[in-house]
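What follows is one structure encoded as structure tokens, with my remarks underneath.
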Amino acid sequence: MTELRLILGDQLNPEHSWFRQRSDRVVYVMLELRQETRYVLHHAQKIIAIFAAMREFARQLSQQGHRVRYVQLDDPSNRGSLTDNLDALIAHYQAVKFSWQLPDEWRLDQQLTRWATSCKVVTQSVDSEHFFCHREQVASFFGQRKTWRMENFYHEMRRRERVLMCPDGQPEGGAWNYDAENRKPWKGTPATPDDRRPVHNHEALWQSLTELEVPSFGEPHAADFRWPLDRQEALALLECFIRDDLRHFGQWQDAMHTDCWHLFHSLISFALNTKMLSPREVVSKAQAAWQNGEVPLASAEGFIRQVLGWREYVRGVYWAKMPGYRDNNFFNHQRPLPAWFWDANTKMNCMAHAIGQSLDQAYAHHIQRLMIVGNFALLAGLAPAEVHAWYLGIYIDAFEWVELPNTLGMSQFTDGGLLASKPYVSSAAYINKMSNYCSGCEYNPRERLGLNACPFNALYWHFFIQHQSQLAHNLRLSMVYHQLKKLSPQEQENITQHAQNLLIAIEKL
Ligand SMILES: Cc1cc2nc3c(=O)[nH]c(=O)nc-3n(C[C@H](O)[C@H](O)[C@H](O)COP(=O)(O)OP(=O)(O)OC[C@H]3O[C@@H](n4cnc5c(N)ncnc54)[C@H](O)[C@@H]3O)c2cc1C
Ligand code: SF4
Numbered sequence: 000m001t002e003l004r005l006i007l008g009d010q011l012n013p014e015h016s017w018f019r020q021r022s023d024r025v026v027y028v029m030l031e032l033r034q035e036t037r038y039v040l041h042h043a044q045k046i047i048a049i050f051a052a053m054r055e056f057a058r059q060l061s062q063q064g065h066r067v068r069y070v071q072l073d074d075p076s077n078r079g080s081l082t083d084n085l086d087a088l089i090a091h092y093q094a095v096k097f098s099w100q101l102p103d104e105w106r107l108d109q110q111l112t113r114w115a116t117s118c119k120v121v122t123q124s125v126d127s128e129h130f131f132c133h134r135e136q137v138a139s140f141f142g143q144r145k146t147w148r149m150e151n152f153y154h155e156m157r158r159r160e161r162v163l164m165c166p167d168g169q170p171e172g173g174a175w176n177y178d179a180e181n182r183k184p185w186k187g188t189p190a191t192p193d194d195r196r197p198v199h200n201h202e203a204l205w206q207s208l209t210e211l212e213v214p215s216f217g218e219p220h221a222a223d224f225r226w227p228l229d230r231q232e233a234l235a236l237l238e239c240f241i242r243d244d245l246r247h248f249g250q251w252q253d254a255m256h257t258d259c260w261h262l263f264h265s266l267i268s269f270a271l272n273t274k275m276l277s278p279r280e281v282v283s284k285a286q287a288a289w290q291n292g293e294v295p296l297a298s299a300e301g302f303i304r305q306v307l308g309w310r311e312y313v314r315g316v317y318w319a320k321m322p323g324y325r326d327n328n329f330f331n332h333q334r335p336l337p338a339w340f341w342d343a344n345t346k347m348n349c350m351a352h353a354i355g356q357s358l359d360q361a362y363a364h365h366i367q368r369l370m371i372v373g374n375f376a377l378l379a380g381l382a383p384a385e386v387h388a389w390y391l392g393i394y395i396d397a398f399e400w401v402e403l404p405n406t407l408g409m410s411q412f413t414d415g416g417l418l419a420s421k422p423y424v425s426s427a428a429y430i431n432k433m434s435n436y437c438s439g440c441e442y443n444p445r446e447r448l449g450l451n452a453c454p455f456n457a458l459y460w461h462f463f464i465q466h467q468s469q470l471a472h473n474l475r476l477s478m479v480y481h482q483l484k485k486l487s488p489q490e491q492e493n494i495t496q497h498a499q500n501l502l503i504a505i506e507k508l
């Protein structure tokens, strides 16, 4: 009468109701799968982090008295694919029932659902008990709308969850959003925190992955591995962030600086996305810090908006619009990624820094992802499918349900404005204001034309000239098109010519 229960690599939540009772009739199945190492080229740290965290989760479950069947990548019984392994394990245990927590990725959801229809034992899927919204709720919220503005969704979530709300139903402080206070460049003060993530040595694991020829890129840093790998470590990191850094998060959340790659960001996304932490506890701790007078409202609100707002919102877009969303390409951009996306060997200091840091740390913060790398990709007309694969592979927190809407919808505008109200692009002026990248760059942020001119400048105007028919009617871009009109036809022609030359020489930028 055995029941098998599947735990996927991003379902490492020891608080799930499954684990409240122990039963000898239940076997928890955890699988290291070739298919998961191959669906995209992953950063080395992402592979180490997921396998190491899965192994630790299995160890802790066993220690608590649960029956666990953990199949390592090099286990002779490992069949490679998810469903082949499940068939074999059902037969081995003569199981009568198979249960799984709903996957967050469409790909795995389809695979499991299809397999379950032909499975000979009773099958059941259960909620992963992680998000604020159930899948059906988000799909119905988004399903019928032509545009899906995050701000409306966020207000609804604040009201529904009673987060930062006054008893009379108004937002605390009188405003829903304090973004205007969150746009300061960082000039060296206040001092940024030390890297307080835990330290692990995973050389043996890395060695075995190398021997098993698991493909990867980026720096493994296996001997000094810094990501939280279980709930205790994740909670400790969250506590440090709330106590010391949240107060600064709001004001400097958009800043970028060569002296500190993480600034005041929390670094909790891997722990959140693998469900070691719950978004409810993250939001409630941030709210409590404000209620106790430890952090300003703007910081608490700015941070809570990311977790209660953006994170749930992009998941809603994903489940409402997959699988078609993946194939949108509003601007029909087709240019391949330049080779320097894989080694950061470019003269553009901002790109070299953001990509170099991503290769080194498997991490870039939101504005580096959006306004440096994504900005360039959109201005240069890079193929969205290639951009998506790069983002899905490189970041420690990259799982398709959150990466895909952020990359394709928010950053590359491939849905033509369903998710974002205008393309997130800028010239060098914004990058120069929000970072110190330009001061160490071979290019001049103030020049538009000429050999030393910053490529972002000509590419920015070229983008709006080229896509005029698709964008000029957008009210949020009226200022841009007003400025463009002030440029003479000859000036516009010079910009177009220069931008096209830059794109021809893109590998050498
Ligand atoms: C092009 C692009 C791709 C992205 N890909 C991913 C991805 O694969 N996985 C991922 O978790 N986030 C992604 N993001 C969102 C964001 O950049 C990361 O969540 C954040 O940088 C993680 O670092 P942190 O934990 O230090 O976050 P903090 O800045 O401290 O923010 C706190 C938390 O808020 C949540 N959050 C913030 N912004 C977003 C957002 N736009 N969407 C969803 N959650 C958000 C995250 O869970 C994050 O941990 C992407 C953003 C862009 C622009
Ligand atoms: S000058 Fe241009 S390319 Fe160089 S760092 Fe500034 S924005 Fe980037």
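Taking numbering that gives the first Met the number 0, the leading residue of the sequence shown gets 0, the next gets one more, and so forth. Every residue gets a Cβ at the ideal spot worked out from N, C-alpha and C, and that includes glycine.
Endpoints, the alpha helix (DSSP H) within which residue i is located
i, result
"Ser477", "Ser477 to Lys484"
"Thr257", "Note, Thr257: premise wrong, no alpha helix (DSSP H); not H, not E."
"Asp83", "Leu81 to Tyr92"
"Ala115", "Trp105 to Thr116"
"Phe330", "It is not in any alpha helix (DSSP H) - Phe330 carries neither H nor E in the DSSP assignment."
"Trp318", "Glu311 to Lys320"
"His497", "Pro488 to Ile503"
"Asp396", "Here Asp396 belongs to no alpha helix (DSSP H), and DSSP marks it neither H nor E."
"Ile241", "Careful: Ile241 lies outside any alpha helix (DSSP H) and carries neither H nor E."
"Leu470", "Gln467 to Leu470"
"Leu358", "Asn348 to Gln360"
"Ile303", "Leu296 to Ile303"
"Trp427", "It should be pointed out that residue 427 corresponds to Ala in this sequence rather than to Trp. Counting along the chain, the alpha helix (DSSP H) containing Ala427 begins and ends at Ala427 to Met433."
"Leu262", "Counting along the chain, Leu262 falls outside any alpha helix (DSSP H), and DSSP gives it neither H nor E."
"Trp289", "Pro278 to Gln290"
"Arg37", "Arg33 to Arg37"
Neighbour-count burial assignment, residue i, 16 or more Cβ in a 10 Å radius
i, result
"Val125", "exposed"
"Glu402", "buried"
"Ser61", "exposed"
"Gly64", "exposed"
"Met433", "buried"
"Cys165", "exposed"
"Glu238", "exposed"
"Asn519", "The chain is shown only over 0 to 508; residue 519 falls outside these bounds and no answer can be derived."
"Gly79", "exposed"
"Asp374", "The residue asked about is misnamed: residue 374 is Asn in this sequence, not Asp. Buried, because 16 or more other Cβ atoms sit within 10 Å of the Cβ of Asn374."
"His472", "exposed"
"Gln467", "exposed"
"Ser298", "buried"
"Arg161", "exposed"
"Thr188", "exposed"
"Met255", "buried"
"Ala498", "buried"
Segment limits, beta strand (DSSP E) that includes residue i
i, result
"Arg66", "Arg66 to Val70"
"Arg4", "Glu2 to Leu5"
"Tyr27", "Val25 to Leu30"
Residue of the options minimising C-alpha distance to residue i
i, options, result
"Asp13", "Leu271, Gly373 and Glu293", "Per the sequence shown, the amino acid found at residue 13 is Pro instead of Asp. Nearest C-alpha to Pro13: Leu271."
"Pro335", "Ile503, Trp185 and Arg113", "Ile503"
"Asp396", "Arg113, Thr273, Leu3 and Met347", "Thr273"
"Ala363", "Ile303, His332, Gln252 and His472", "Gln252"
"Asn435", "Ala498, Trp389, Gln367 and Leu381", "Gln367"
"Gly416", "Arg144, Phe97 and Lys45", "Arg144"
"Met370", "Thr345, Lys346, Arg310 and Phe455", "Phe455"
"Ala222", "Phe240, Asn291 and Ala43", "Ala43"
"Ala179", "Trp205, Arg157, Gly249 and His220", "Gly249"
"Leu458", "Tyr390, Thr209, Val198 and Asn500", "Asn500"
"Trp205", "Ala51, Ser477 and Asp74", "Ala51"
"Gln191", "Glu210, Leu378, Val479 and Ser265", "Strictly speaking, residue 191 in this sequence is Thr, with Gln absent from that position. The candidate whose alpha carbon is nearest that of Thr191 is Ser265."
"Leu72", "Glu31, Tyr27 and Glu212", "Glu31"
"Glu128", "Leu378, Asp9 and Ser410", "Asp9"
"Pro322", "Phe263, Ser426, Glu399 and Ala287", "Glu399"
"Glu171", "Ala235, Glu210, Gly301 and Tyr317", "Gly301"
"Tyr442", "Leu508, Asn405, Glu492 and Arg242", "Leu508"
"Leu391", "Gln360, Ile6 and Lys45", "Lys45"
For residue i: DSSP bridge partner residues
i, result
"Asn443", "Ala452"
"Gln100", "Val125"
"His199", "Phe224"
"Met164", "Pro170"
"Leu407", "DSSP, once it has assigned bridges, lists no residue as partnering Leu407."
"Phe462", "Beta-bridge pairing links Phe462 to no other residue."
"His42", "Phe216"
"Leu381", "Arg334"
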